[in-house]
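Visitor:
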Amino acid sequence: MFSRILIAALLCGVIGLEREFKNHPAGFRTHLLVGIGSCLMMILSLYGFEHYLEDHKAVQFDPSRIPSYVISGIGFLGGGTILVKGATVRGLTTAASIWIVAGLGLIIGSGMYILAFFTTIIVLMCLIFLNRLEKYMYVKKTRRKMKVVVNSNKSSIDEVIQRLSTYNIKTNSIVMTSSRKDREGNVTFYYQLDININIHSIGYEKLELVLKEIKEVEKIF
């Protein structure tokens, strides 16, 4: 029995440390206590009523009843870690990790050690490595490319790039596409700018308004 409590404390504590290092509201102690408590409830469910059942042969006992209440009752802790501010929701992953360590405590209490170790490894991989992958994909998803044709006769190309940079719009490349000469002999050069924008810092509608304010911009695609 004591070994099950220690294993639950070890595995659930490791998951809690990962949350603690990232400064989440539910960290090492919360995960540790949830895991130990769940393990205790499972041990109680399996072995706590043996003497009573021996004395009362006609009584039937369902050992899954107590664990089922543990899983449903852990929701109040998970709900306390979720914070909503405007359109931003934080704490969902921590709430899920609390729910998982409750499950870990239950399976450790029932003696399924190999499954518990394997689950802990999977959970840590999800929390550590998938977080980095999500950040990389988020950056790529929030970057968009657009092409802008600029008439350099009205203003220098450097001034256009400088005005775009004030709105956090990065110019990746500049290519001269064509040139025209009017009857008076004035030559107009047309450049194609490949720009990189962050759709979270400036939306498409605002971007179009910004580009329309620049008289040198003649085409957007």
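Numbered by the working numbering, the letters in the sequence shown go through residues 6 to 226 in order. Backbone N, C-alpha and C fix where the C-beta goes; we use that ideal spot for every residue, glycine too.
Compare the C-alpha of Phe7 against each of Val180, Leu45, Ser178, Pro72 and name the closest.
Guide: Leu45
Visitor: Does the region 101–118 come into contact with the region 71–83, if we say contact requires no fewer than three beta-carbon pairs (one atom in each stretch) closer than 8 Å?
Guide: yes
Visitor: Cα separation between Thr193 and Ile133?
Guide: 54 Å
Visitor: Unbroken beta strand (DSSP E) runs of length 3 or more, entirely within the region 24–93: which are they?
Guide: Complete beta strand (DSSP E) runs here, min 3: 88–90.
Visitor: Please list, in chain order, all residues of the same chain as Pro30 whose beta carbon is under 7 Å from its beta carbon, the five residues on each side excluded.
Guide: Thr86, Gly96, Thr99
Visitor: Output yes or no for whether 9 Å exceeds the beta carbon distance between Ala14 and Gly40.
Guide: yes
Visitor: Spatial neighbours of Arg34 within its chain, please: CB distance less than 8 Å, with the 5 preceding and 5 following residues excluded, ordered by chain position.
Guide: Gly21
Visitor: What did DSSP end up calling Met117 once you bin it into helix, strand or coil?
Guide: coil
Visitor: From which residue to which residue does the beta strand (DSSP E) around Ile179 run?
Guide: Segment 175–186, the beta strand (DSSP E) holding Ile179.
Visitor: Counting only the same chain and skipping the five closest in sequence on each side, list residues whose C-beta sits under 6 Å from that of Ile12.
Guide: For Ile12, where only same-chain residues beyond five positions count, the Cβ hits under 6 Å are Ile113.
Visitor: Tell me, to the nearest whole angstrom, how far the beta carbon of Leu51 is from that of Pro68; I am working on the premise that it is less than 8 Å.
Guide: About 6 Å; that satisfies the 8 Å criterion.
Visitor: Using a Cβ-Cβ cutoff of less than 6 Å, which residues in the same chain neighbour Ser183 once the five nearest sequence positions on both sides are dropped?
Guide: Tyr195
Visitor: Please list, in chain order, all residues of the same chain as Arg9 whose beta carbon is under 8 Å from its beta carbon, the five residues on each side excluded.
Guide: Cys44, Ile48, Ile113, Gly114, Gly116
Visitor: Could you check whether Glu25 and Leu129 sit closer than 9 Å to each other, using their CB atoms as the reference points?
Guide: no
Visitor: Throw me the rounded Cβ distance for the Val180 and Ile219 pair, which I believe falls under 8 Å.
Guide: With 8 Å as the limit, Val180 and Ile219 do not qualify as a contact, their Cβ atoms being about 18 Å apart.
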